[in-house]
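The letter at position 76 of the sequence shown is residue 203 when you use the numbering used here, and the numbering goes up by one with no holes. The beta-carbon is built from N, C-alpha and C at its ideal position, and this holds for glycine as well. Down below is the structure, laid out as structure tokens.
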Amino acid sequence: RTPDELYRAWSDARVLSQVLGSRVEVTAPSADVLHWEVAAPGGSALASDVRIVEERPGELLRWESLPGSAMPTDGSTKFAPTHRGTEMTLRLRVLTPAGPAARWLERELSPVPGALARKALRRFKSLAETGEIASTERNPSARRGAA
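Structure (structure tokens):
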């Protein structure tokens, strides 16, 4: 896929929700703001509103959380053409907030942003190349211990 195609897909909040996994939901309340919710224990969620601070279609998308976000974050996604397609680089930084959920969040997100970025890129690659995200969920042939 071209950098422009991947940029457009990555800019779609519904696609971001898909590739970030079941614990993260992304919506777009406006053209330059994304609302992120991360599921926390006990059915609660931590939210962050991020503003797109730099856009170069087909090349770069950079964002940072708005002041007062419960989950301060910033990051960028770069797209570069290569001889075999497009190289995509994702940088994601999550700052641990203060408050009662901070210990849980720090424990849960300590391997993040690296693990989340790797997972999101793998899932996005699968979606871009095949139109779906590969999964073994609800796949009978993937069950362990089957007789």
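Shown here, residue 186 sits in coil according to DSSP, grouped into three states, outside any helix or strand.
If you draw a straight line from the Cα of residue 151 to the Cα of residue 217, it comes to about 16 Å. Taking the Cα positions, residue 246 is about 23 Å away from residue 160. Proximity to residue 157 across 168, 215, 139 and 165 peaks at 139, based on C-alpha coordinates.
Annotated three-state conformation of residue 130 is helix, per DSSP. For residue 197, the CB contacts under 7 Å within the same chain, skipping 5 residues up- and downstream, are 173, 174, 175 and 224 in chain order.
Taking the CA atoms as reference points, residue 204 sits about 12 Å from residue 251. Residue state for residue 219 is assigned as strand, using DSSP reduced to three classes.
Contact between residue 202 and residue 187 does not hold, since the beta-carbon distance rounds to 11 Å and is not under 8 Å. In terms of Cβ geometry, residue 133 and residue 206 form a close pair [threshold 7 Å]. Annotation for residue 261: no beta strand (DSSP E) segment contains it, and DSSP assigns it neither H nor E. Shown here, residue 161 sits in a strand according to DSSP, grouped into three states. Excluding residues up to 5 positions away in sequence, 192 and 222 lie with their Cβ nearer than 6 Å to the Cβ of residue 199 in the same chain.
By the Cβ neighbour-count rule, residue 180 is exposed, with fewer than 16 other Cβ atoms within 10 Å of its own. Distance from the Cα of residue 129 is smallest, within the candidate group 177, 258, 248 and 213, for 213.
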